[in-house]
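Asks:
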Amino acid sequence: NNFANISYGTIDMYQATAKSVNTPYMALQQKLGTHVIAQTAVAAGLSPKRITGDNPFTVLGNDSVHVSEMVKAYSTFANKGNRPDLHIVSKVKNSENKDIYTTPITIKQVFSSNNASLAAKAMLGTVQHGTAPEARSLGRPIAGKSGTANDQTAVSFIGFTPNVVTVFAMWYPDSNGNPQVIPTLPGGYGLSGSALPVHLFTLYMRNALSDVPVESFPSAKDNGKIGGPDGTWGLGSVVSESDSDSKSDSKSDSKSDSKSKTESDSDSESKSEKSQEKSTEKD
955 NNFANISYGT IDMYQATAKS VNTPYMALQQ KLGTHVIAQT AVAAGLSPKR ITGDNPFTVL
1015 GNDSVHVSEM VKAYSTFANK GNRPDLHIVS KVKNSENKDI YTTPITIKQV FSSNNASLAA
1075 KAMLGTVQHG TAPEARSLGR PIAGKSGTAN DQTAVSFIGF TPNVVTVFAM WYPDSNGNPQ
1135 VIPTLPGGYG LSGSALPVHL FTLYMRNALS DVPVESFPSA KDNGKIGGPD GTWGLGSVVS
1195 ESDSDSKSDS KSDSKSDSKS KTESDSDSES KSEKSQEKST EKD
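Quick note on the numbering used here: the sequence shown kicks off at 955 and runs consecutively.
1. Within 10 Å of its beta-carbon, does P1002 have 16 or more other beta-carbons around it, so buried, or fewer, so exposed?
2. For the candidate residues A1097, S1044 and S1071, whose alpha-carbon lies nearest to that of T1120?
3. Check whether the stretch 1107-1122 and the stretch 1024-1032 are in contact - that is, three or more C-beta pairs closer than 8 angstroms.
4. Could you have a look at Q1134 and say whether DSSP puts it in helix, strand or coil?
5. Would you give the residue range spanned by the beta strand (DSSP E) that N1104 belongs to?
6. Return the Cβ separation of V1152 and F1111 in integer angstroms, given the expectation that the two are a contact with Cβ distance under 8 angstroms.
7. Please list, in chain order, all residues of the same chain as Q983 whose beta carbon is under 6 angstroms from its beta carbon, the five residues on each side excluded.
8. Could you tell me the alpha carbon to alpha carbon distance between L1000 and T994, rounded to whole angstroms?
9. Got a sec? Which residues, its chain only, sit under 8 angstroms from Y1143 by beta carbon, not counting five neighbours each side?
10. In terms of residue numbering, what span does the alpha helix (DSSP H) encompassing S1028 cover?
11. Given a threshold of 16 other Cβ atoms within 10 Å of its Cβ, counted over all protein chains shown, does R1090 qualify as buried or as exposed?
12. So, helix, strand or coil for A1149, using DSSP?
13. Whole angstroms are fine: how far does the CA of G1131 sit from the CA of Y968?
14. Decide if the stretch 1043-1051 is in contact with the stretch 1004-1023; the criterion is three or more beta carbon pairs, one per stretch, under 8 angstroms apart.
15. Where in the stretch 958-995 do unbroken runs of the beta strand (DSSP E), each at least 3 residues long, occur, reported from the N-terminal end onward?
16. Check the C-beta distance from K973 over to T1085 and give it rounded, since I have them as a contact under 8 angstroms.
17. Under the assumption that G1147 contacts G1101 (Cβ atoms under 8 angstroms), give the Cβ distance between them as a whole number of angstroms.
18. With distance defined between alpha-carbon atoms, name the residue in D1105, A1103, Q1106 and Q1082 nearest to P1095.
19. Here's the rule I'm using: 16 or more other beta-carbon atoms within 10 Å means buried, otherwise exposed. How should D1186 be labelled?
20. Do I1059 and P1087 have their beta-carbon atoms positioned less than 8 angstroms apart in this structure?
21. On the three-state DSSP scale, how would you describe K1045?
22. Can you list, in chain order, the residues of its chain with a C-beta nearer than 7 angstroms to that of I1054? Leave out the 5 residues immediately preceding and following it.
23. Tell me, which residues are paired with K1062 by DSSP?
24. In this structure, how does DSSP classify F1111 when only helix, strand and coil are distinguished?
25. Report the CB separation of I1005 from N1033 in whole angstroms; it is logged as a contact under 8 angstroms.
26. I'd like the span of the beta strand (DSSP E) that includes V1119, first residue to last.
27. Using a 10 Å radius around the Cβ and a threshold of 16 neighbouring Cβ atoms, would you call I1136 buried or exposed?
Right, here's the structure in full:
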């Protein structure tokens, strides 16, 4: 089901991404298979130990991953398909403000520049006309994705410009580490990734980007075909997992989203990207 059991009728994947609609992505997974979805998520930067494809809701992002993995994965999209190494310290300066150490960065191209740009294009809709309209107030191109656990135990928003990736995520475990419903928050913010996480993201990024030049995302050629390769995609027909895995490219771009503790993690050079959760995204 979709968040609040809303029916959106017939929509394309751009609209599904912007509005965080689950059902088109489940239809996509029926065609590709969970293991192809998992392979794509791992290629972007998520851990293969956490994203195995064994979960029937893999495409909805209900496997447990770390916030840092999400920063890494979304940096891959911001970086034109080049997956960066994670690092904490970019450089060290001495008392004379001279660089005495710079962290070496290794990147690997895992998606074509056009495919990464298509993913970013889809996520631009999240801010422009989707679940994160508040971020439009930043006055620059922002792509992103909101996420909400269906039992409201975790919420998150991850957003990026071509040079900065930031994630805010929240959860509320009990003293034994078990997930609990996040309590009502002050300020009238609802329990969804499109509420307080987007608000915090916007406040933080307004300062983080104050001295960063406005950049546009690369243009992307939309090479999709209505109905998919065989003309049946989106029409309700399905194939078996084994058939779809054998026929699909493990590099196909897809989206993974997950949930985590209140945390901000950003990388101003787009060189580096939930947490403990167990339920499907519904935001």
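Using N, Cα and C, we set each Cβ at its ideal position, and we do this for glycine too.
Replies: A quick look at the data gives this:
1. exposed
2. A1097
3. yes
4. coil
5. Here N1104 belongs to no beta strand (DSSP E), and DSSP marks it neither H nor E.
6. 5 angstroms
7. I991 and V1013
8. 9 angstroms
9. A1149, L1150 and H1153
10. In the sequence on display, residue 1028 carries Tyr and not Ser. It spans V1021 to A1032 - the alpha helix (DSSP H) in which Y1028 sits, taken as one unbroken run.
11. exposed
12. coil
13. 36 angstroms
14. no
15. none
16. 7 angstroms
17. 4 angstroms
18. Q1082
19. Per the sequence shown, residue 1186 should be read as Thr rather than Asp. The residue in question, T1186, is exposed, as its Cβ has fewer than 16 Cβ neighbours within 10 Å.
20. no
21. strand
22. V1046, K1047 and N1048
23. R1037
24. strand
25. Not quite, the Cβ-Cβ distance comes to about 20 angstroms (not below 8 angstroms), so this is no contact.
26. V1119 to W1125
27. buried
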